[in-house]
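**Student:** Numbering (the numbering used here), first residue to last: 152 to 312. Glycine included, each C-beta is placed from N, C-alpha and C at the ideal position. For clarity, every value in this text was computed on a predicted model and none was experimentally measured.
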């Protein structure tokens, strides 16, 4: 190994990923590790920078296929503005926005269904004289139409309850 190069265990530790993930990057064609005389993978500082860029793209939702399409953005030469980088990032952002809108629509549908069920149970409980049944208790985070509805406070209250 050349001075400054490191084996896979140290490289993975420095990157905060597993050795398996580094091997996956190589297997996926995202990077190529040199081999020392004894056959061990050897990573240079430039290899670590490339692996860190790959790790960051994957952490933000890019698949290995999508990262491979942005190969020019992975090397030190492409670490600044690189051709194809902006369109790929914009495409991923549009995809995330679509997923977010889909999840919000599903969330709203569930909230609407909860309202229908709560009202039906409330009417049913009132008809049976069981207004105190607890079945019509408010759903945490519902009501005022304020942002963040549906959130549940997991912290204990100051009163100790």
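Give every residue of the same chain whose Cβ lies closer than 7 Å to the Cβ of residue 199, excluding the five residues on either side of it in the sequence, and list them in chain order.
**Tutor:** The sequence position of residue 199 within the chain shown is 48, counting from 1. Hits under 7 Å: 162, 165, 166.
**Student:** If residue 187 and residue 219 are in contact, beta carbons under 8 Å, what's the gap, nearest whole angstrom?
**Tutor:** In the chain shown, residue 187 corresponds to position 36, counting from 1. In the chain shown, residue 219 corresponds to position 68, counting from 1. Not confirmed; about 26 Å, so no contact.
**Student:** For residue 214, count neighbouring C-beta atoms within 10 Å of its own C-beta (all shown protein chains included) and say buried if the count is 16 or more, exposed if not.
**Tutor:** On the chain shown, position 63 is the one that residue 214 refers to. Classification for residue 214: exposed.
**Student:** If distances are taken between C-alpha atoms only, which option among 247, 250, 158, 201 comes closest to residue 189?
**Tutor:** Here the question's residue 189 lines up with position 38 in the chain shown. It is 158 whose Cα lies nearest to the Cα of residue 189.
**Student:** According to the neighbour-count rule (16 or more other Cβ atoms, all chains shown, within 10 Å of its Cβ), is residue 191 buried or exposed?
**Tutor:** In the chain shown, residue 191 corresponds to position 40, counting from 1. Burial call: exposed.
**Student:** Can you pull the DSSP bridge partners for residue 157?
**Tutor:** Residue 157 sits at position 6 when you count from the first residue of the chain shown. Paired residue(s): 194.
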